[in-house]
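Notes follow once the structure below has been shown.
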Amino acid sequence: MDLAAKSALLQATLRDLGSVMVAYSGGTDSAYLAYAARQTLGDKMLAVIADSPSLPRAELAAALAFAAEHSIPTHILQTAELENPDYQRNDTQRCFHCKDELFTQMEQLRAQKAFVHIAYGMNLDDQAPSVAAFRPGQQAAAQHHAVAPLVTAQLTKSEIRTLAREAGLTLWDKPASACLSSRIEYGRPVTRENLTQVEQAEAALHALGFQQVRVRHHGDLARIEISRPELPRALNIETLDHITAALRPLGFLYITLDTQGYRSGSMNEVLPATAITPATK
64 MDLAAKSALL QATLRDLGSV MVAYSGGTDS AYLAYAARQT LGDKMLAVIA
114 DSPSLPRAEL AAALAFAAEH SIPTHILQTA ELENPDYQRN DTQRCFHCKD
164 ELFTQMEQLR AQKAFVHIAY GMNLDDQAPS VAAFRPGQQA AAQHHAVAPL
214 VTAQLTKSEI RTLAREAGLT LWDKPASACL SSRIEYGRPV TRENLTQVEQ
264 AEAALHALGF QQVRVRHHGD LARIEISRPE LPRALNIETL DHITAALRPL
314 GFLYITLDTQ GYRSGSMNEV LPATAITPAT K
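In my numbering, the protein residues as written are 64 to 344.
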């Protein structure tokens, strides 16, 4: 199918759902899905944002601003995954427990508000099997019968960005932004304190002018990933001194720059295949 046909299929898929609550994070995929659902279903859709310490305040504000700009009705859920010992433990199934909390609450809200379906922004690329793309949250979505209209329409990440750009959505080229917990090395407990460290560290790097960054939390050590196109700008003594001055007061004793640069799912690179096993409730 060409892109026009895929776009038409997405609209038809949404119409067939009748009414839908969209798990909305403010990223390009879920934002475009929420926008398309609003355009197709009108008031028969609701964008639901999960708010917790793992969501940066800047991301929450941006998600709400986008929804307001496009008259997308929203509902904020205060999720409590951080109170779950299985989530706090931060093993390879952390994302499962997070999404299980989200979809459990969304199911309750769906019943209260009489919506028919729950949808989320998985795209065709997210189904690619690889350790780096390990996403146990998809299993939680399946267990809660959440639908993935972007997959049904066979849309890839780049195609979603193209459709968003054609629709005039300013976030069409927004960098990917996973939850803050994904920055913490497996086995290190997730706490409000280390989530705050990561959030403040990444905000400091953005303030220095870097767009695509991750601060990976390894205890006393912060491992900084910067996108390859931006990496040369970091490789001078003055900038490195600025980075050190910004991050050391946050509690990191050692600050390192990852020479491979930013890549999604880098924490998964050290996982043995045996660690990637399905979780159950």
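C-beta: ideal position from N, C-alpha, C; glycine also.
Query                                                                                                                                                  : Result
Quick one: residues in its chain with C-beta nearer than 8 Å to the C-beta of Asp106, no 5 flanking neighbours on either side, listed in chain order?  : Pro136
For Val179, name the three-state secondary structure that DSSP assigns.                                                                                : coil
Rounded to whole angstroms, what is the Cα-Cα separation between Ala131 and Gly89?                                                                     : 12 Å
Are the CB atoms of Val85 and Ala126 nearer to each other than 9 Å?                                                                                    : no
Our contact map puts Leu213 next to Leu73 with C-beta atoms below 8 Å; I'd like the distance itself, whole angstroms only.                             : 7 Å
With respect to the beta strand (DSSP E) encompassing Arg277, which residues constitute its N-terminal and C-terminal limits?                          : 276 to 281
When DSSP labels each residue in this structure, what does Leu271 get in the three-state scheme?                                                       : coil
When you compare the CB positions of Ala203 and Phe159, do they come within less than 9 Å of one another, or not?                                      : yes
Grab me the residues of Ile223's own chain with a C-beta within less than 8 Å of its C-beta, minus the 5 sequence neighbours each way, in chain order. : Thr91, Asp92, Tyr95, Asn186, Leu213
Which of helix, strand or coil does DSSP assign to His133?                                                                                             : coil
Given that a residue counts as buried once 16 or more other Cβ atoms are within 10 Å of its Cβ, and exposed if not, what is Glu256?                    : exposed
Residue range of the alpha helix (DSSP H) that Asp79 falls in?                                                                                         : 66 to 80
Between which two residues does the alpha helix (DSSP H) harbouring Val253 extend?                                                                     : Element bounds for Val253: n/a, residue is neither H nor E.
DSSP three-state label for Ser327, please.                                                                                                             : coil
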